[in-house]
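> Using full-length UniProt numbering, the first residue of the sequence shown is number 1, and each one after it goes up by one.
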Amino acid sequence: MTPDRALDNGRFYELDILRGLASLLVVAFHYVHFYHTDQFQADLYVDVPFFDLLRPIYSHGQWFVELFFTISGYVFFWLYREPIMAGAVSFRTFVIARLARLYPLYIATLILTAGLMVIFYGLYGYDYVYQANTVGNFALSALMIQQWWPGAVQSFNGPVWSISVEMGLYGLFFLFCTLKLGRRWLWVIVAITTPLMLLWPEVAFFRGLPSFFLGGVAYFVARELSGVGSATRKSILGAVAAGWIAAYLFGHDGLMNGQVSWVFSREVMVLGLMPLTLVAVDLWRGAIRSERLKPFVWLGDISYSTYLIHFPLQLLIMIGLNGLEPATKAAVIASPLFFMAFFAALIGVSILSYGQFEMTARLWLLRRFSPRYRH
């Protein structure tokens, strides 16, 4: 079957949905934040809701952040590369467009988290999850540069470390396009940056570098394969499906015996399965009619919202649970109903944030700072 690309009006519904699912899986990985104390016990993982079903996510969900980087690379090489190379998009326009979309919710959740951290510390006597909550780190976070060098630590709304990395990657991407480097240079960059990621995985910026540019590789590989027949498309899709099934099955062992299966190595997940997944999604784009996908596109719309809001929401909930006895609190957190209620609340708040705050703020900033949006 040849995918019909004319049905989506330019929007990549499948990729939107994938991004939304990845965000929710990272949130599931961070559910164990509820169990953090100043004496965090790793064996509390066994008490998390739906442990048998979600064990691979609880143990290896961090890899979905790399999937974010890979998707970003794909999208930017798809949408921005040619306009930047042609001079149609200036650096100023590029930066304004990114900040208008990202910064309003970013700074709002940073300020909210800082305030909630003060309240939490007053109640519990220790910092919640992230300890380096200094004035200096707040300033670096406000500038979105807190993860741009080795030795950087996570603070305040800790999960946004990846947003800081992405901001740096956007700058490198613009430079790549401005220099009009050919697609072969993508392989050179991946070859140079992959050893950095493997040798120093604790350096956040090194985690993002190869994944982002592998997203660009995935985009161009998909372009080269766009004319292949149904058999090749099915083979690629089958390989990707088999890879994710294997990852799920092998992922059940990681937390209990301390051994990480080779399936969950960076080499396999980050350098192999994730970019290949984007190739498969691209090749099968339009195979499912857009009318059937549109009801799920909201997952992609709120992916940024859920990612930024989930930690301050957890912090707020922990403040609210302060009056409970430790055993009662642990029982509440371990409840499947509480798990589902948390996700329902997060999704509801994220929908409101996207529609009522983020898009409104974005449009205001674009009209204020970008001439092309002024009327």
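For each residue, glycine too, the CB sits at the ideal point set by N, CA and C. As the structure is a prediction and not an experimental result, all values here were calculated from the model.
Short of 6 angstroms in beta carbon distance, which residues of its chain neighbour Leu293, apart from the five on each side in sequence? Order them along the chain.
Correct list, in chain order: Tyr13.
> Can you tell me where the alpha helix (DSSP H) with Ala287 in it begins and where it stops?
From DSSP, Ala287 is part of no alpha helix (DSSP H); its letter is neither H nor E.
> What whole-angstrom Cβ distance do Ile302 and Ser350 have, given they're in contact under 8 angstroms?
The Cβ separation is near 4 angstroms, so the contact holds.
> From Arg55 to Leu249, what does the alpha carbon distance come to, in whole angstroms?
Each residue's Cα considered, the two are about 10 angstroms apart.
> Label Leu255 either buried or exposed according to how many other C-beta atoms from any shown protein chain fall within 10 Å of its C-beta, with 16 as the threshold for buried.
Confidence is the limiting factor: at Leu255 the pLDDT is only 45, short of 50, which leaves the residue's position unreliable and the question unanswerable from this model.
> Roughly how many angstroms lie between the CA atoms of Gly208 and Gly215, to the nearest whole one?
One C-alpha to the other measures close to 11 angstroms.
> Starting from Lys234, trace the alpha helix (DSSP H) in both directions and tell me its first and last residue.
Ser230 to Phe250 is the span of the alpha helix (DSSP H), which, as asked, contains Lys234.
> In the structure shown, what three-state DSSP assignment does Gly348 receive?
Here Gly348 sits in helix by DSSP.
> Less than 9 angstroms between the C-beta atoms of Ala330 and Asp47, yes or no?
Their beta carbons are under 9 angstroms apart, which means Ala330 touches Asp47 by this criterion.
> Among the residues of its own chain, which have a CB less than 8 angstroms from the CB of Arg362, if the five just before and after it don't count?
Cβ neighbours of Arg362 beyond the five flanking positions: Ala100, Arg101 and Pro104.
> Any idea what DSSP makes of Ile265, helix, strand or coil?
Here residue 265 turns out to be Ser, not Ile, going by the sequence shown. Looking at Ser265 - three-state DSSP - the assignment turns out to be coil, as it is neither helix nor strand.
> Assess contact between the segment 237 to 251 and the segment 181 to 189, defined as three or more Cβ pairs (one per stretch) separated by less than 8 angstroms. Is contact present?
Because the criterion of three Cβ pairs below 8 angstroms is not met, the segment 237 to 251 and the segment 181 to 189 do not touch.
> Any idea what DSSP makes of Pro49, helix, strand or coil?
The answer is coil: DSSP assigns Pro49 none of H, G, I, E or B.
> According to DSSP, is Ile192 helix, strand or coil?
Note: Ile192 maps to helix in three-state DSSP.
> Give me the Cβ distance between Ala139 and Leu110, rounded to the nearest whole Å; I'm assuming they're in contact under 8 angstroms.
About 11 angstroms separates the two Cβ atoms, so there is no contact after all.
> One question on the structure: do Leu198 and Glu267 come within less than 9 angstroms of each other, judged by their Cβ atoms?
In this structure, Glu267 lies closer than 9 angstroms to Leu198 by Cβ.
> Within a Cβ cutoff of 8 angstroms, which residues of the same chain sit near Thr232, ignoring the five residues on either side of it in sequence?
Leu225, listed in sequence order.
> Which residues mark the beginning and the end of the alpha helix (DSSP H) in which Thr328 is found?
Element bounds for Thr328: Pro326 to Ile333.
> Do Ile317 and Phe343 have their C-beta atoms within less than 9 angstroms of each other?
Not in contact: Ile317 and Phe343 (Cβ atoms no closer than 9 angstroms).
> Alpha carbon to alpha carbon, how far is Gly258 from Tyr128?
In this predicted model, Gly258 has a pLDDT of only 49, less than 50, meaning its place in the structure is not dependable enough to derive any value.
> Please work out which residues of its chain come closer than 8 angstroms, Cβ to Cβ, to Phe357, disregarding the five sequence neighbours upstream and downstream, and give them in chain order.
Once the five neighbours on either side are set aside, the close Cβ partners of Phe357 are Pro104, Leu105 and Ala108.
> Looking at the structure shown, is Trp148 part of a helix, part of a strand, or coil, going by DSSP?
Note: Trp148 maps to coil in three-state DSSP.
> Just confirm the distance between the C-beta atoms of Leu25 and Pro312, as a whole number of angstroms; I'd bet it's less than 8 angstroms.
The Cβ separation is near 19 angstroms, so there is no contact.
> How would you label Asp52, buried or exposed, when you count the other beta carbons within 10 angstroms and need 16 or more for buried?
Flag for Asp52 reads exposed.
> I need the DSSP call for Lys180, collapsed to helix, strand or coil.
Coil, per DSSP.
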